[in-house]
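Undergrad: Below is one structure. I have some questions about it.
Number of protein chains: 2
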Amino acid sequence: MLQSKLFLKTKRKISKEKAISARLLIRGGFIEKLASGIYNFLPLGFLVLKKIERIIREEMKKIGGQEILLATLHPKEIWEKTGRWEKMGDLYKIKENGSQFALGPTHEEVITPLVKKYISSYKDLPVFLFQIQTKFRKELRAKGGLLRTKEFLMKDLYSFHATKEDLDSYYEKVKEAYFKIFERCNIKEKTYLTFASGGTFSKFSHEFQTICESGEDTIFICQKCKQAINKEIKLQTKSCPNCGSKKFKKEKAIEVGNIFKLMTKFSKPFELTFLNKEGKREYVLMGCYGIGLGRLMATIVEVNHDKKGIIWPGEVAPFLIHLIPIGNVRKVSDKIYKNLKEKFEILYDDREKESPGEKFQDADLIGIPLRLVVSEKTLKKNSVEIKLRKEKKVKLVKIKSLKREIEKCSKRI
Amino acid sequence: MLQSKLFLKTKRKISKEKAISARLLIRGGFIEKLASGIYNFLPLGFLVLKKIERIIREEMKKIGGQEILLATLHPKEIWEKTGRWEKMGDLYKIKENGSQFALGPTHEEVITPLVKKYISSYKDLPVFLFQIQTKFRKELRAKGGLLRTKEFLMKDLYSFHATKEDLDSYYEKVKEAYFKIFERCNIKEKTYLTFASGGTFSKFSHEFQTICESGEDTIFICQKCKQAINKEIKLQTKSCPNCGSKKFKKEKAIEVGNIFKLMTKFSKPFELTFLNKEGKREYVLMGCYGIGLGRLMATIVEVNHDKKGIIWPGEVAPFLIHLIPIGNVRKVSDKIYKNLKEKFEILYDDREKESPGEKFQDADLIGIPLRLVVSEKTLKKNSVEIKLRKEKKVKLVKIKSLKREIEKCSKRI
Numbered sequence: 030m031l032q033s034k035l036f037l038k039t040k041r042k043i044s045k046e047k048a049i050s051a052r053l054l055i056r057g058g059f060i061e062k063l064a065s066g067i068y069n070f071l072p073l074g075f076l077v078l079k080k081i082e083r084i085i086r087e088e089m090k091k092i093g094g095q096e097i098l099l100a101t102l103h104p105k106e107i108w109e110k111t112g113r114w115e116k117m118g119d120l121y122k123i124k125e126n127g128s129q130f131a132l133g134p135t136h137e138e139v140i141t142p143l144v145k146k147y148i149s150s151y152k153d154l155p156v157f158l159f160q161i162q163t164k165f166r167k168e169l170r171a172k173g174g175l176l177r178t179k180e181f182l183m184k185d186l187y188s189f190h191a192t193k194e195d196l197d198s199y200y201e202k203v204k205e206a207y208f209k210i211f212e213r214c215n216i217k218e219k220t221y222l223t224f225a226s227g228g229t230f231s232k233f234s235h236e237f238q239t240i241c242e243s244g245e246d247t248i249f250i251c252q253k254c255k256q257a258i259n260k261e262i263k264l265q266t267k268s269c270p271n272c273g274s275k276k277f278k279k280e281k282a283i284e285v286g287n288i289f290k291l292m293t294k295f296s297k298p299f300e301l302t303f304l305n306k307e308g309k310r311e312y313v314l315m316g317c318y319g320i321g322l323g324r325l326m327a328t329i330v331e332v333n334h335d336k337k338g339i340i341w342p343g344e345v346a347p348f349l350i351h352l353i354p355i356g357n358v359r360k361v362s363d364k365i366y367k368n369l370k371e372k373f374e375i376l377y378d379d380r381e382k383e384s385p386g387e388k389f390q391d392a393d394l395i396g397i398p399l400r401l402v403v404s405e406k407t408l409k410k411n412s413v414e415i416k417l418r419k420e421k422k423v424k425l426v427k428i429k430s431l432k433r434e435i436e437k438c439s440k441r442i
Numbered sequence: 030m031l032q033s034k035l036f037l038k039t040k041r042k043i044s045k046e047k048a049i050s051a052r053l054l055i056r057g058g059f060i061e062k063l064a065s066g067i068y069n070f071l072p073l074g075f076l077v078l079k080k081i082e083r084i085i086r087e088e089m090k091k092i093g094g095q096e097i098l099l100a101t102l103h104p105k106e107i108w109e110k111t112g113r114w115e116k117m118g119d120l121y122k123i124k125e126n127g128s129q130f131a132l133g134p135t136h137e138e139v140i141t142p143l144v145k146k147y148i149s150s151y152k153d154l155p156v157f158l159f160q161i162q163t164k165f166r167k168e169l170r171a172k173g174g175l176l177r178t179k180e181f182l183m184k185d186l187y188s189f190h191a192t193k194e195d196l197d198s199y200y201e202k203v204k205e206a207y208f209k210i211f212e213r214c215n216i217k218e219k220t221y222l223t224f225a226s227g228g229t230f231s232k233f234s235h236e237f238q239t240i241c242e243s244g245e246d247t248i249f250i251c252q253k254c255k256q257a258i259n260k261e262i263k264l265q266t267k268s269c270p271n272c273g274s275k276k277f278k279k280e281k282a283i284e285v286g287n288i289f290k291l292m293t294k295f296s297k298p299f300e301l302t303f304l305n306k307e308g309k310r311e312y313v314l315m316g317c318y319g320i321g322l323g324r325l326m327a328t329i330v331e332v333n334h335d336k337k338g339i340i341w342p343g344e345v346a347p348f349l350i351h352l353i354p355i356g357n358v359r360k361v362s363d364k365i366y367k368n369l370k371e372k373f374e375i376l377y378d379d380r381e382k383e384s385p386g387e388k389f390q391d392a393d394l395i396g397i398p399l400r401l402v403v404s405e406k407t408l409k410k411n412s413v414e415i416k417l418r419k420e421k422k423v424k425l426v427k428i429k430s431l432k433r434e435i436e437k438c439s440k441r442i
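Those sequence lines, one after another, are chains A and B. The opening position of the first sequence corresponds to residue 30 in the working numbering, with each subsequent residue numbered one higher. The opening position of the second sequence corresponds to residue 30 in the working numbering, with each subsequent residue numbered one higher.
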């Protein structure tokens, strides 16, 4: 893509946002604030969002998830069935003539009666359904850019089981899938499986908490087993629910995902039952599993940045390569661009008025993993300068071996 | 995909819906009604939706569109600027403490001030931005399944120009892109470019109207040039605005797209201006271009079906192949499935309780383009029976030449 054509304007001035991810995403032209807790995704931000979406979709499919798309407008009646029409304080409610709707903040009230139509026997179970869809919650504490917003893209997976063993085993599979997602987003090392309250139906649920400066949550990491507990659990217990150790380290963190054994919490009010092997009627056991895509994007930035800007991990980067010509080398760099774009995702900084300094500053801010610089100096050696955003050293590479070098480098990003 | 694992249950009973597309999509397990004008997309429907999305995305990118994702919650203030907070009767409004929001039914109020931040000179123009996003409109006439709903996925493209010539020329490009989309969805032959009112800022806008039974609109097709006019224009004129002919044919149709020269309608209230080549300040000229994805899906079904069910055009089909074993042939058909699934999108009807009749009925209803039947009879000849959903004739094909034959057939669907 030609940078001169890209709908992008980086900002020098640091925005007022407190969280570093908000500042960098706004300054880098990835997102734009429409109102408190409400953001537009610009072309660069949209590209990252799609990459994150792809990772999540792939990992959900690997554990048997089938993708659907549920409605946003939920009739009041289904939310009254679970008592959450009144109980859930952050529900957006909307009127239309005689009817009332909730703007879906989560979808148990929609998916449970839906699945009921499909389940009669244990043979119909298990079922794994997920969607990637915009959710809405009244958010008084909206701040921190994409970390806490009123509308947000969320992946929500729901599982339905005949036995506790089956739910337990799937729950472990989801745990693994989540860590795989966080690994591909390069935040795994700082992300801790964290015990949280399980509500009335389970002893514990789990959060995935990523340590970072802008974190609003506090977690306590067990120094023995490296699992963590959240504030609420810390108040109830002095020892790690996983290994019993009493040594914890306190950290600020962001919740990037959560998984929850709902058990019969929703199957009861909606009478979601099945006939077991003995022909007896039982309630279906449910689990739910969420990841917010915008919050994940922000967390990736929280973990992957330096003073100059973002350092996108390869799998979520908007482009793989940022090609920057310096000086009177337009003809050769046009050729290099044409040659590379057939094989790689590449952003070509073909802008003519910007100084080399401005171009480098923008490149560091935007954070594309591989930077190629073409200048009169490099061309004298029939070469291009290659630099990984995350490393300091630059390397001259002969133009004829450029593709091979890029492929080699792209394994390290 | 194994059909026994697919979250799918076809319905024999014809639903009450009047529109044939609604009946077939519900019976075929593509969508499910949550409330009047509100639908959930099930796995099969979601697959079709993604195929449609891909076609639209590709064609928008070909004409320079850059993809973004705008917010759903719109502050009241921006809608007051254009007077549409009061004027637009079908706006969903929502309160949160002191603030009020509209649920975006269209995005001129968001994108115009956004683009304003990026435009200062004629050199920054043109700009083409699009998104594929859920829109909301109060819809009293909700009926016909996906043809008219309260929430709906829409592709909306906005263009920004320095001159009328540039807007005009881009408008023609969008026309072509739209017909390309409708061609790939196999509704082009029944889709007519239709003159509609242009509002206060343009003489005409254009709708794309597809002739079908369930159409709620009436169009008048010029018998000379094959362009059409809608009811409103028909009241104003007796001759075709394109060729002057007075011979029209009246038809029922569905609006599957519309394109509109907004001119300065939105750039004026938002003061979206630029400096022209002479250094003088001018208003930016705008165009907007919409396609509803759900409505398009329904229209494809309206045009592509027979008594037995849907006949998906190849590019939007949820799968390319429906593999159906009949009788005691499971081992061989498992092998064929394994072999084909590496190369093709294939649904394998591995269900054991269903009779051949039920399997064929389901296959016809779901409408996957290529049906392969494996039976003891076909295996005696080392063959598989192949049939196009849209044709009547069946053909025996040797197993060893199956892939080649599938590739040949897939060009005709």
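Where a beta carbon is used, it is the ideal one built from N, C-alpha and C, also for glycine. Fair warning: this is a prediction, and the values are worked out from it, not measured in the lab.
Can you tell me whether serine 430 of chain B is buried or exposed? The criterion is at least 16 other CB atoms within 10 Å of its CB, across all chains shown.
TA: Here residue 430 of chain B is taken as the residue at index 401 of the second sequence, counted from 1. Per the 10 Å Cβ criterion, exposed.
Undergrad: Give me the chain A residues within the contact set of proline 155 of chain B, using Cβ-Cβ distance strictly less than 7 angstroms, ordered along the chain.
TA: Translated into the one-based positions of the second sequence, residue 155 of chain B becomes position 126. What proline 155 of chain B touches in chain A: nothing, since even the nearest Cβ is about 10 angstroms away.
Undergrad: Which bits of chain B does alanine 100 of chain A rub up against, with CB to CB less than 7 angstroms?
TA: In the first sequence, residue 100 of chain A corresponds to position 71, counting from 1. Within chain B, the residues Leu63, Ile67, Tyr68, Asn69, Glu180 have their CB atoms less than 7 angstroms from the CB of alanine 100 of chain A, given in chain order.
Undergrad: Under 7 angstroms Cβ-Cβ, which residues of chain A neighbour glutamate 96 of chain B?
TA: Within the second sequence, numbered from 1, the residue matching residue 96 of chain B stands at position 67. Under the 7 angstroms cutoff, chain A gives Pro72, Phe75.
Undergrad: For a minimum of 3 consecutive residues, which ranges assigned as the beta strand (DSSP E) are wholly contained in the segment 78-126 of chain A?
TA: 102-104, 121-125
Undergrad: Check for me: the beta strand (DSSP E) holding valine 423 of chain B runs from which residue to which?
TA: As a working note, residue 423 of chain B is residue 394 in the second sequence. Per DSSP, valine 423 of chain B belongs to the beta strand (DSSP E) from 423-427.
Undergrad: Just confirm the distance between the C-beta atoms of valine 345 of chain B and leucine 408 of chain B, as a whole number of angstroms; I'd bet it's less than 8 angstroms.
TA: As a position in the second sequence, residue 345 of chain B is number 316, starting the count at 1. As a position in the second sequence, residue 408 of chain B is number 379, starting the count at 1. Actually they are not in contact, since the Cβ atoms of valine 345 of chain B and leucine 408 of chain B sit about 32 angstroms apart, beyond 8 angstroms.
Undergrad: Under 8 angstroms, Cβ to Cβ, is there at least one residue of chain B near proline 298 of chain A?
TA: Position 269 of the first sequence, counted from the first residue, corresponds to residue 298 of chain A. So, not an interface residue.
Undergrad: DSSP three-state label for glycine 286 of chain B, please.
TA: On the second sequence, position 257 is the one that residue 286 of chain B refers to. Three-state result, glycine 286 of chain B: strand.
Undergrad: Once you ignore the five residues that flank isoleucine 107 of chain A on each side, which residues in its own chain have a CB closer than 8 angstroms to its CB?
TA: As a working mapping, residue 107 of chain A is identified with position 78 in the first sequence. So the qualifying residues of the chain are Glu138, Val139, Pro142.
Undergrad: Just checking, does the segment 218-232 of chain B make contact with the segment 248-265 of chain B on the three C-beta pairs under 8 angstroms criterion?
TA: yes
Undergrad: So with Cβ pairs under 8 angstroms, would you call lysine 38 of chain A a contact of chain B?
TA: Walking along the first sequence from the start, residue 38 of chain A turns up at place 9. Taking Cβ atoms only, chain B reaches closer than 8 angstroms to lysine 38 of chain A, which makes this a yes.
Undergrad: Compile a chain-ordered list of the residues in the segment 112-123 of chain A whose CB is closer than 7 angstroms to at least one CB of chain B.
TA: Tyr121, Ile123
Undergrad: Check this for me: beta carbons of leucine 186 of chain B and methionine 89 of chain B, under 8 angstroms apart or not?
TA: What you label residue 186 of chain B is simply residue 157 of the second sequence in a count that begins at 1. What you label residue 89 of chain B is simply residue 60 of the second sequence in a count that begins at 1. Their beta carbons are under 8 angstroms apart, which means leucine 186 of chain B touches methionine 89 of chain B by this criterion.
Undergrad: Give the residues from the segment 137-155 of chain A that approach chain B closer than 8 angstroms (Cβ to any Cβ), ordered along the chain.
TA: Val139, Leu143, Lys146, Tyr147
Undergrad: Where glycine 228 of chain B and lysine 297 of chain B are concerned, what is the direct C-alpha to C-alpha distance, given to the nearest angstrom?
TA: As a first step, residue 228 of chain B must be located in the second sequence, where it is residue number 199. As a first step, residue 297 of chain B must be located in the second sequence, where it is residue number 268. Counting only the Cα atoms, lysine 297 of chain B lies some 15 angstroms from glycine 228 of chain B.
Undergrad: Drop a sphere of 10 angstroms on the beta-carbon of threonine 266 of chain A, count the other beta-carbons inside from all chains shown, and report buried for 16 or more, exposed for fewer.
TA: Taking the first sequence and counting its residues from 1, the one referred to as residue 266 of chain A is at position 237. The residue in question, threonine 266 of chain A, is exposed, as its Cβ has fewer than 16 Cβ neighbours within 10 Å.
Undergrad: Whose C-beta lies closer than 7 angstroms to the C-beta of phenylalanine 277 of chain A among residues of the same chain, with five residues either side of it excluded?
TA: As a first step, residue 277 of chain A is located in the first sequence; it is residue number 248 there, counting from the start. Result list for phenylalanine 277 of chain A: Phe249, Ile250, Cys251, Gln252, in chain order.
Undergrad: What residues from the segment 345-357 of chain A come within 8 angstroms of chain B, judged by C-beta to C-beta, listed N to C?
TA: none
Undergrad: What does leucine 175 of chain A reach in chain B if we use C-beta pairs closer than 8 angstroms?
TA: Stepping through the first sequence from its first residue, residue 175 of chain A is reached at position 146. By Cβ distance, chain B contributes nothing, its closest Cβ being about 12 angstroms from leucine 175 of chain A, past 8 angstroms.
Undergrad: Enumerate, from N- to C-terminal direction, the unbroken alpha helix (DSSP H) stretches of 4 or more residues contained entirely within the segment 228-299 of chain B.
TA: Taking only runs of at least 4 residues, the alpha helix (DSSP H) segments lying wholly in the segment 228-299 of chain B are 260-265.
Undergrad: Run through chain B and tell me which residues come within less than 9 angstroms of leucine 78 of chain A, C-beta to C-beta.
TA: Position 49 of the first sequence, counting from 1, holds the residue named residue 78 of chain A. The answer, in chain order, is Leu98.
Undergrad: With respect to the beta strand (DSSP E) encompassing threonine 141 of chain A, which residues constitute its N-terminal and C-terminal limits?
TA: For the purposes of this step, residue 141 of chain A is taken as the residue at position 112 of the first sequence. Run containing threonine 141 of chain A: none in the beta strand (DSSP E); it sits in the alpha helix (DSSP H), 137-145.
Undergrad: Counting along the chain, where does the alpha helix (DSSP H) carrying proline 342 of chain B start and finish?
TA: As a first step, residue 342 of chain B must be located in the second sequence, where it is residue number 313. Per DSSP, proline 342 of chain B belongs to no alpha helix (DSSP H) and is neither H nor E.
Undergrad: Tell whether a beta-carbon distance below 8 angstroms holds between leucine 78 of chain A and glycine 58 of chain A.
TA: For the purposes of this step, residue 78 of chain A is taken as the residue at position 49 of the first sequence. For the purposes of this step, residue 58 of chain A is taken as the residue at position 29 of the first sequence. In this structure, glycine 58 of chain A does not lie closer than 8 angstroms to leucine 78 of chain A by Cβ.
Undergrad: Unbroken alpha helix (DSSP H) runs of length 4 or more, entirely within the segment 344-395 of chain B: which are they?
TA: 359-370, 385-395
Undergrad: Glycine 174 of chain A: which of A:Lys309, A:Glu331, A:Met315 sits nearest, CA to CA?
TA: For this step, residue 174 of chain A is matched to residue 145 along the first sequence. Closest option to glycine 174 of chain A, Cα to Cα, is A:Glu331.
Undergrad: How far does the beta strand (DSSP E) with alanine 131 of chain B in it reach, from first residue to last?
TA: Working through the second sequence from its first residue, we reach residue 131 of chain B at position 102. Start and end: 128-132.
Undergrad: Please state the DSSP three-state secondary structure of lysine 209 of chain A.
TA: Against the first sequence, residue 209 of chain A aligns to sequence position 180. Lysine 209 of chain A falls in the helix class under three-state DSSP.
Undergrad: Can you tell me whether DSSP reads glycine 319 of chain A as helix, strand or coil?
TA: Counted from its first residue, the first sequence places residue 319 of chain A at position 290. Secondary structure at glycine 319 of chain A: strand, using DSSP grouped into helix, strand and coil.
Undergrad: I'd like the list of long-range same chain contacts for valine 144 of chain B, defined as Cβ closer than 7 angstroms, with 5 residues on each side in sequence excluded.
TA: Residue numbering aside, residue 144 of chain B sits at position 115 when the second sequence is read from its first letter. In the same chain as valine 144 of chain B, and ignoring 5 residues on each side of it, the C-beta atoms closer than 7 angstroms to its own belong to Val156, Phe189, Leu301, in chain order.
Undergrad: Please name the residue, chosen from B:Leu325, B:Lys202, B:Tyr121, B:Pro347, that lies closest to phenylalanine 444 of chain B on a Cα-to-Cα basis.
TA: As displayed, chain B neither begins before 30 nor continues past 442, which places residue 444 of chain B out of reach and without an answer.
Undergrad: Using the beta-carbon of each residue, which ones in chain B are nearer than 9 angstroms to lysine 45 of chain A?
TA: Numbered from 1 along the first sequence, position 16 holds the residue referred to as residue 45 of chain A. What lysine 45 of chain A touches in chain B: nothing, since even the nearest Cβ is about 16 angstroms away.
Undergrad: Identify the contact partners of glutamate 212 of chain A in chain B, using a Cβ-Cβ distance below 9 angstroms as the criterion.
TA: For this step, residue 212 of chain A is matched to residue 183 along the first sequence. Here the premise fails: no neighbours, minimum Cβ distance about 26 angstroms.
Undergrad: Does chain B have any CB closer than 8 angstroms to the CB of proline 104 of chain A?
TA: The residue labelled residue 104 of chain A in the question sits at position 75 within the first sequence. With 8 angstroms as the cut-off, proline 104 of chain A counts as an interface residue toward chain B.
Undergrad: So which residues of chain B does leucine 186 of chain A contact, with C-beta pairs closer than 8 angstroms?
TA: Here residue 186 of chain A refers to the residue found at position 157 when the first sequence is read from its first residue. Within 8 angstroms Cβ-Cβ: nothing; leucine 186 of chain A doesn't reach chain B, min ~13 angstroms.
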